[in-house]
Amino acid sequence: MNENEAKCFIESLIFSAQDPLTKDSMKKMLKEYGEFNLDKILNELKSDYENRGIELVELEKRFFFRTSKTLHNYLFVETKKARNLSNAAMETLAIISYHQPVTRAEIEKIRGKPVFRGTLDTLLELKWIKPSGRRETPGRPVTWITDFEFLKHFGLKSIKDLPKVDELESVIL
Amino acid sequence: MNENEAKCFIESLIFSAQDPLTKDSMKKMLKEYGEFNLDKILNELKSDYENRGIELVELEKRFFFRTSKTLHNYLFVETKKARNLSNAAMETLAIISYHQPVTRAEIEKIRGKPVFRGTLDTLLELKWIKPSGRRETPGRPVTWITDFEFLKHFGLKSIKDLPKVDELESVIL
Amino acid sequence: MTHLNLNISGYEGPLDVLLDLSKKQKVDIKKISILELADQYLEFVEGNLENLKLSADYLVMASLLAFLKSKLLLPEEKEEVEEIQEDLTQRIIHYNAIKKLSKKIFELYQEGKDFHHCNVKNEFVISNAIVPKITLQDLILKYSEIFKKKNSIKLLADDDNLYKLEDGLKWLNQILKLEDKNWLSLFNFLPDGIINLKMRKSAIISLLLASLDSVNQGKILINQKDHFKNIMVRVK
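Residue numbers (the numbering used here), protein chains in the order written: chain F, 1 to 173; chain Z, 1001 to 1173; chain B, 2001 to 2236.
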C-alpha cells in the first residue's frame, strides 16, 4: 500500500463506517498495511473537503463526514420526510389492489381488523385510491379502486399486471 | 447560488439521500435556485472522485456514492449479511438474470424442479427481482426481471456485465 | 448420501462426472448407451426408495432418461430419438451453465462485503419525496402475508375440540404393538363412536397425517392400490 492508497483507504473507511471512527481504530486498521502518518492523512482529507458539499468533522476524537454547514440555507428548505406507510395502510392498499372494487366492510373482513377513515384518507391523498360508485346492497356502501397515481408509482401498465396470488403459490404446499 | 455552490449542493444531496437520486429529482431541486447545467456538474463530480477512496456511480440514471472497488482487498468484510442464499434461490436468480423477462414456469423448466414461493419471496424481499408485466400467452403468466438493487449489490453497470460462460452462449444467447 | 456410479459401455464413473464430461464434450453423451444408463438409473432409484432426501437432481435425470428409454424401445423414427437425445443434451448443458453462472454471480464483488454504501451524517433532512417508500415488492409481499394469514384463520376451525396429529399417532401406534406384519386397513385404527361429522373429518385427517409421519420415520409402510381404494398399512 502506498501513501495515496493509504489515504483512499482511510477515506473510504470513514465513509462506510456505521458510526464515527476513532483515530485509534483507524490506526489499528492502517497498521496492517504499513507505517503511515495518520494525522497527516486526516489533515489532507480535511482540506480536500474544504468548500465542498460535505466536510470531514472531528468531534470528541471521532471522525465522520457530514453535509456541509455552509449549505444550511439550501438544505433546510426540504424538510418533509419521506414518510413510511403504516402497516394498516399497506394492507388496505394491497387488499384494494387485488380485490377492487371493494367496500370498507369487505376490507375489514379480509384484514380481520377495522379500517379507520384516516387510513383511507392517507391513500386518497396520495391519489393511490379513489371511490368508484356504490355496491347495490343494503346501505349502498362506497366501493374503492386504485387510481392512476398507483399504477404510476409502481410502474404498472394496468392493474392486471399485478401477479396473482396463485401464481406466486408453490405447486406443492 | 453560484456555480460552485450548485455543485456542492448536488454533491451533498447525493451523499445524504436515502436512496440513489435520479437526475430528474436533482434537476427539480436545483431549479429552485437558478439555471445550472446538471450534466456538467455530475461529470465534474465524477472526475473529482476518480482515484479516491469513494466513487460516484451512475446506475440506471440514478446516482450514488460507494467505496471504490479498487479497495476491495482492504475493505473486505466477512459479514453475516453476505447472505447464504439457498441453491434454489441462487439458481433462480441466475435464470432470471440471464433469461429475463422469464415466467415461473420457464424457470421451472430450466431447473427441472418446482420453484417454491419462498424462493421468489426471498429474492423479492432483497429487491433483487420484480414482476414485469405479463407474457401474452394463454394464462398471461407474470414475467420476472432483475431490479435495480440487484445491479447495485453486485456493482454491475448493466445486466450485460454479468459473467459469461461459453456453454450458455451457444445454447441461448 | 449414496451416489450413483454408472458402469456402462462407453463410460464408468459417477453420474455428475458424466454430465461434466459430456458438457466439456470429452464424452459424447449421444454415444453413451442410454438404455444401460437408464437401467442403472432406475435401479438406483428403486434401491433408494426410502431415502426421501435422494438428490432431486438424480430424480429429474432419472425421469428424463426413463422417458428417453421408453422412446428408444418403441419403433420410433430414428430422427425423433436423436432429437430427444439432442434436447436432453442441450438441457443438461443449459442447466449446468446456469448452475455455474449462479456461483459466478456470487463471486462478483458484493455490496456490504467488498464495497460499501457511503454513510454521511446529515444535519438536515433532505428529501423531495413525500411519497411513501413502498415498492411493488412490498405490496406483493404484504398481500401474500394477508393471504397466508387469512388461510390460516380459515384452517383454524372455530372448534378447538378437534383431533390433532398426536391423537392420530396414538391410534396408529397400536399397530406397532401388534406383532403382525400383515397389511391392515388404515382406517381400522379410527376410534369408534365419532358421530359428529366435523370431529370425524378431523380424526381422518389426523390419522392420515400420522401415517405419513410414521412412513417418513421408517416405522411403517403404506400402500394404496388405486384411487379411492383402501389405504393399507403394515409394520416395517
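For glycine and all other residues, C-beta sits at the position ideal for the given N, C-alpha and C. Keep in mind that this is a model prediction, so the values were computed, not measured.
Distance CB(residue i)-CB(residue j) smaller than 9 Å
i               : j               : result
T1137 (chain Z) : R1111 (chain Z) : no
A1131 (chain Z) : L162 (chain F)  : The question names Ala, but residue 1131 (chain Z) is Pro in the sequence shown. Cβ atoms of P1131 (chain Z) and L162 (chain F): closer than 9 Å.
I2222 (chain B) : L2197 (chain B) : no
L1042 (chain Z) : F1065 (chain Z) : no
L2136 (chain B) : F154 (chain F)  : yes
L2212 (chain B) : A2203 (chain B) : no
Y98 (chain F)   : F1009 (chain Z) : no
I2134 (chain B) : N84 (chain F)   : yes
D2114 (chain B) : M90 (chain F)   : no
Y2163 (chain B) : I2205 (chain B) : yes
L2006 (chain B) : E2036 (chain B) : yes
T67 (chain F)   : S1025 (chain Z) : no
V2233 (chain B) : L2184 (chain B) : yes
H1072 (chain Z) : Y2143 (chain B) : no
Contact set for residue i: own chain, Cβ-Cβ below 6 Å, skip 5 residues either direction
i               : result
T88 (chain F)   : A small fix is needed here, since residue 88 (chain F) is Ala in this sequence, not Thr. Hits under 6 Å: T119.
M1 (chain F)    : Y33, G34
R2200 (chain B) : I2194
Y49 (chain F)   : E55, L56
R962 (chain Z)  : The structure shown has nothing for residue 962 (chain Z), since chain Z only spans 1001 to 1173.
F2044 (chain B) : L2004
I2126 (chain B) : Below a pLDDT of 50, predicted positions are generally treated as unreliable, and I2126 (chain B), at 47, falls in that range; the measurement from the model is reported next regardless. Answer for I2126 (chain B): no residue qualifies.
K2154 (chain B) : Residue placement at K2154 (chain B) is flagged as unreliable, the pLDDT there being 48, under the threshold of 50; the coordinate-derived value follows with that caveat. If we look at K2154 (chain B) and ignore the five residues flanking it on each side, it has no Cβ neighbours.
K27 (chain F)   : L38
CB-CB length for residue i against residue j, believed under 8 Å
i               : j               : result
E44 (chain F)   : K7 (chain F)    : 6 Å
K61 (chain F)   : L38 (chain F)   : Between L38 (chain F) and K61 (chain F) the Cβ distance is about 12 Å, and since that is not below 8 Å, they are no contact.
I1095 (chain Z) : I2098 (chain B) : 6 Å
E1149 (chain Z) : K1127 (chain Z) : 4 Å
L2141 (chain B) : G2168 (chain B) : About 34 Å separates the two Cβ atoms, so there is no contact after all.
Residues sharing a beta bridge with residue i, DSSP
i               : result
T1137 (chain Z) : DSSP lists no partner for T1137 (chain Z).
G2013 (chain B) : B:L2006
S2185 (chain B) : B:M2232
T1022 (chain Z) : Z:R1062
Q2224 (chain B) : B:I2231
W1144 (chain Z) : Z:V1102, Z:P1131
T119 (chain F)  : None; T119 (chain F) has no bridge partner.
F1036 (chain Z) : Looking at the DSSP assignment, F1036 (chain Z) forms no beta bridge with any residue, so it has no partner.
T1067 (chain Z) : Z:I1054
E2111 (chain B) : B:F2115
Spatial neighbours of residue i in its chain, beta-carbon cut-off 8 Å, leaving aside the 5 residues before and after
i               : result
K2219 (chain B) : L2176, V2235, K2236
K1081 (chain Z) : Low confidence applies to K1081 (chain Z): its pLDDT is 49, below 50, so where it sits in the model is not reliable, and the reading given next is rough at best. Closer than 8 Å at Cβ, skipping near neighbours: no residue.
V77 (chain F)   : Low local confidence applies: a pLDDT of 45 at V77 (chain F) is under 50, so the model's placement there is unreliable, with the coordinate-based value given in what follows. No residues qualify anywhere along the chain.
K1157 (chain Z) : L1059, L1151
F116 (chain F)  : A88
Q1100 (chain Z) : S1132, T1143, W1144, I1145, T1146, I1159
D1166 (chain Z) : none
K2241 (chain B) : Summary: the structure shown does not reach residue 2241 (chain B), with chain B confined to residues 2001 through 2236, and so no result is reported for it.
I129 (chain F)  : L93, I96, L120, L123, W144, I145, T146, D147, F150
L2156 (chain B) : Confidence in L2156 (chain B) is poor, its pLDDT being 42 and thus under 50, which makes the residue's placement unreliable; the coordinate value appears in the next sentence. So no residue of the chain qualifies.
Q2040 (chain B) : L2004, L2006, N2007, I2008
Nonlocal neighbours in the same chain, by C-beta distance under 7 Å from residue i, ignoring five residues either side
i               : result
N2128 (chain B) : The predicted position of N2128 (chain B) is uncertain, since its pLDDT is 46 and thus under 50; a value taken from the coordinates is nonetheless stated next. Nothing meets the Cβ criterion.
M29 (chain F)   : L13
G2013 (chain B) : N2005, L2006
S1047 (chain Z) : none
Given 8 Å, three or more beta-carbon pairs between the stretch 50-68 of chain F and the stretch 2098-2110 of chain B: no
Is the stretch 2170-2180 of chain B touching the stretch 120-127 of chain F, taking contact as three or more C-beta pairs under 8 Å? no
Below 8 Å, how does it come out for the stretch 135-144 of chain F and the stretch 100-107 of chain F: are there three or more Cβ pairs, yes or no? yes
Segment contact flag, the stretch 1033-1041 of chain Z with the stretch 1013-1021 of chain Z, C-beta cutoff 8 Å, min 3 pairs: no
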